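In this text, residue positions in the sequence shown follow this note's numbering: the first is 5, and each later residue adds one.
Data first, discussion second: the structure below is written as structure tokens.
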Amino acid sequence: MSQCKSTTIINEIGHFFKKSEDNAMERILGLLKAVKMTDSGLGLKTKCNARRKASEKLQLLTLFPFFGSKNPYDYRHTSLAQVAVAGKDQFYRLLNDATVNWRNVGYKVFNALKRTTLNRGEQTESTCLIADDTDLNKTGFHIEFIGKVFSHVTHTHNLGFKMLALNYDDGKQMLNVDFSIHGEKGKKGNYGLTDRQLKKRKKVRHSQGNPDAERVMEYEESKIKVLMDMVVRFVRRGHKADYLLADSWFTNAQLVRFVEGLRNVGHYLGMARFSDTKYVVNGKEKSVKQIARSKTKRQRCRKLKCQYLEVDADFQGIPVKLFVNRMGKNQNWRVILTTDLTLNFEQAYRIYARRWNIEVFFKECKQHLGLGACQSHSFNAQIAATTVAMIQYNLLATARRFDGYETFGELFRAAGNEALELTVSQRIWLVICDVIKEIAEILEIDAETLLEKYIAEPERITKIVNLKTL
């Protein structure tokens with residue numbers, strides 16, 4: 005077992021980056037070091053015959069995308085592997101380990117990064133919890149618990165899972181708090197698969213004493229029920245939020261009443277369905293459609309360029325305020341529902357608009373961090389890979405907040421470009437760069453493109469130019 009401290013890997017990698025205030029990779033390494041990823045701190049256990057601590061392997065997994073590694077198999081071909089040698093099987097064993105409480109690991113990192121921002125004493129806007137789900141598309145029928153889920157974007161049934169995420173937004177950055185992975189059993193109870201496809205699914209016995217048992221139970225649980233459990237965990241860990249934001253799919257009396265009963269989550273604010281759901285207005289039951297067609301005077305918001313109706317109502321015993329609005333004459337009516345009766349329309353709209361941050365979060369995680377790309381047959385590995393992607397995002401989000409990058413992609417590219425410069429021997433690396441520049445000049449192609457090709461396929465390039473003799 006490695007006898008070095010858990011921060012040794014981070015220190016070693018840090019030596020290969022230039023010290024500067026605008027170094028994105030140095031900022032990420034600094035945050036990773038501040039999180040204090042140790043076995044005891046994260047609740048991880050290292051076997052006595054392991055070459056590296058579990059916390060060290062998690063640190064390396066977190067750094068994978070910045071060094072062009074999509075998975076443990078690709079890792080051995082990256083410059084990161086030259087600094088921190090580790091076999092791919094070590095990573096796979098950690099990802100499949102049923103005894104690791106990945107939810108606790110994610111929370112430890114979230115807590116540390118949230119403290120980092122609070123220690124700076126920055127003034128923030130109202131704080132929000134944001135809930136939403138997304139599709140995690142897969143390609144193989146051998147994955148444990150795999151099935152078909154309905155996509156609200158394409159309106160088709162695709163092979164994969166549904167991921168429910170709960171994020172925390174303080175007005176300047178958004179961090180992932182918790183997540184769960186779900187399947188859709190369907191009316192026939194076959195997850196949209198044929199009998200032959202169901203037989204192909206990997207079957208694993210999950211012990212009730214292990215942390216993975218909770219994740220397995222969540223797989224078929226109602227997303228509303230799981231979301232409420234997530235919020236309760238958030239509160240019990242000592243956190244607070246002013247609002248819980250969600251779209252119309254989540255808005256129902258059960259969730260609204262639940263939020264109203266919590267101490268540390270102020271109010272519910274979400275889009276409601278434009279449907280026949282009844283609200284009590286001035287002692288009479290009315291649907292949103294009836295409210296929109298009523299002769300109540302409509303108001304205009306010049307800043308948002310829309311018209312709206314503001315109505316105080318009773319939603320199954322819960323006092324709420326409804327803002328029935330539309331942007332133009334030909335646009336559809338939409339409904340914002342909130343339990344905060346002090347808000348006006350513009351305030352409610354601007355707070356709800358922050359819910360779109362979670363849509364951007366899903367897009368960026370899939371594009372840059374490989375969210376949903378794990379093709380392991382183990383459900384435990386799916387949970388672990390998703391947790392690692394959430395940790396990567398939280399690190400990048402915090403680095404972006406401190407360094408002022410305009411977009412998430414810009415920060416990711418900056419960190420990735422700096423990571424490409426990492427090497428064990430700077431002298432050899434300079435020789436390689438010079439050779440590549442000469443070849444690029446002879447062939448009249450872009451040197452940076454050729455350099456990227458070399459990093460992606462070093463063995464093929466090495467064979468061609470015979471760099472081993474150097």
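The beta-carbon is built from N, C-alpha and C at its ideal position, and this holds for glycine as well.
For clarity, every value in this text was computed on a predicted model and none was experimentally measured.
Taking a cut-off of 8 angstroms on C-beta distances, the stretch 313 to 323 does not touch the stretch 87 to 97, as fewer than three cross pairs fall below it. Shown here for G45: same chain residues with a beta carbon closer than 8 angstroms to its own, the five before and five after excluded, namely S59, K112 in chain order.
Between L248 and I340, the C-beta gap is not smaller than 9 angstroms, which leaves the two residues out of contact.
The criterion of a C-beta distance shorter than 9 angstroms is satisfied by V269 and F238. A Cβ-Cβ distance of about 6 angstroms is found for the pair L373 and P69, placing them in contact under the 8 angstroms criterion. Between the beta-carbon of N162 and that of N141 there is about 5 angstroms, and that keeps the pair under the 8 angstroms contact cut. In this model, D233 and N384 are separated by some 20 angstroms (Cα to Cα). Per DSSP, reduced to three states, the secondary structure at C132 is strand. About 6 angstroms separates the beta carbons of T343 and V260, which is inside the 8 angstroms limit, making them a contact pair. When secondary structure is reduced to three states using DSSP, F154 falls in the strand class. S380 and A401 have their alpha carbons spaced roughly 27 angstroms apart.
G196 sits buried, since 16 or more C-beta atoms from the chains shown fall within 10 Å of its C-beta.
Annotation for C369: the continuous alpha helix (DSSP H) segment containing it runs 360 to 372. When the beta-carbon positions are compared, R359 and F278 stay at least 9 angstroms from each other. A389 sits close to A377, with the two beta carbons spaced by under 9 angstroms. Using a 10 angstroms sphere on the CB of L122, the tally of other CB atoms stays under 16, which defines it as exposed. Using a Cβ distance threshold of 9 angstroms, P215 and N108 count as a contacting pair. Note that the C-beta distance between F165 and D182 is not below 9 angstroms. Contact fails between the stretch 171 to 178 and the stretch 197 to 217, because fewer than three Cβ pairs, one in each stretch, are under 8 angstroms apart.
Assigned with DSSP and collapsed to three states, Y353 falls in helix. Relative to the Cα of F149, the nearest Cα in the group K192, M221, L98 belongs to M221. For the beta strand (DSSP E) assignment, the uninterrupted runs of no fewer than 3 residues enclosed by the stretch 188 to 261 are, from N- to C-terminal side, 245 to 250.
In terms of Cβ geometry, L347 and V324 do not form a close pair [threshold 9 angstroms]. Assignment of D280 by DSSP, reduced to helix, strand and coil, places it in the coil class.
When K282, G242, G287 are compared, the shortest CA-CA separation from R267 is found for G242. Taking the CA atoms as reference points, D43 sits about 24 angstroms from Q86. Between the C-alpha atoms of K191 and L375 there is a straight-line separation of about 28 angstroms. Here the C-alpha atom of M331 lies approximately 23 angstroms from the C-alpha atom of F254.
Distance from A245 to T131 at the Cβ level is roughly 5 angstroms; contact confirmed, criterion being Cβ atoms closer than 8 angstroms.
If you compare the alpha carbons of K51, L326, S252 with that of A276, the shortest gap goes to S252.
Short of 8 angstroms from the beta carbon of K282, and not among the five residues preceding or following it, lie these beta carbons of its own chain, in chain order: E289, K290, S291.
Residue environment for G151: buried (at least 16 other C-beta atoms within 10 angstroms of its C-beta). Checking the DSSP bridge columns, you'll see I322 partnered with F319.
By the C-beta density criterion, L447 is exposed, having fewer than 16 other C-beta atoms within 10 angstroms.
Residue range 303 to 305 is occupied by the beta strand (DSSP E) that includes R304, with no alpha helix (DSSP H) assigned at that position.
The residues G47, P215, in chain order, have a CB closer than 8 angstroms to that of N105 in the same chain once the five nearest residues on each side in sequence are set aside.
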